[in-house]
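Residue numbers (this note's numbering): 2 to 121.
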């Protein structure tokens, strides 16, 4: 039963990390749009920004893979580090959009709490 709870929370966390958005000039801007499409176009990217952006992409891929790694012995560490890296890199790159990730953070904290209750 606990695994089902964690899978549901992780699925919601993935959806929120991709589809949180805000209307800007009557057009919706989503997290995934900034992350995958707009960032390379919006900024004159330095090598540091590019490295942080790649870190953000890799950590987001790690978040998407989490529901498939529940039986992995490193799951709890993955559940801690992938979202934390994603949030920190997103904060460094674009602090203005960071507020869109508040629901993601809440669900992540709930998932951490559920994963700590007993053994996985």
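Virtual Cβ for every residue (Gly too), placed ideally from N, Cα, C. Just so it is clear, the structure is predicted and the values come from calculations on it, not from any experiment.
How close, in whole Å, do the beta carbons of residue i and residue j come, if the pair is a contact with beta carbons under 8 Å?
{"i": "residue 14", "j": "residue 112", "result": "6 Å"}
{"i": "residue 67", "j": "residue 57", "result": "Their Cβ separation, rounded to whole angstroms, is 16 Å, which puts residue 67 and residue 57 out of contact at 8 Å."}
According to the Cβ coordinates, are residue i and residue j closer than 8 Å?
{"i": "residue 71", "j": "residue 5", "result": "no"}
{"i": "residue 21", "j": "residue 77", "result": "no"}
{"i": "residue 92", "j": "residue 83", "result": "no"}
{"i": "residue 108", "j": "residue 32", "result": "no"}
{"i": "residue 90", "j": "residue 53", "result": "yes"}
Quick one: grab the DSSP three-state call for residue i.
{"i": "residue 26", "result": "coil"}
{"i": "residue 4", "result": "helix"}
{"i": "residue 46", "result": "coil"}
{"i": "residue 181", "result": "What the structure shows of the chain is the stretch from 2 to 121, and residue 181 is not part of that stretch, so it cannot be assessed."}
Between the options, which lies nearest to residue i when the distance is taken from Cα to Cα?
{"i": "residue 10", "options": "92, 65, 75", "result": "65"}
{"i": "residue 95", "options": "12, 59, 46", "result": "46"}
{"i": "residue 88", "options": "41, 105, 34", "result": "105"}
{"i": "residue 81", "options": "102, 73, 101, 110", "result": "110"}
- Message: Could you tell me which whole beta strand (DSSP E) segments of length 3 or greater appear in the stretch 55-83?
- Response: The qualifying runs do not exist here; there are none.
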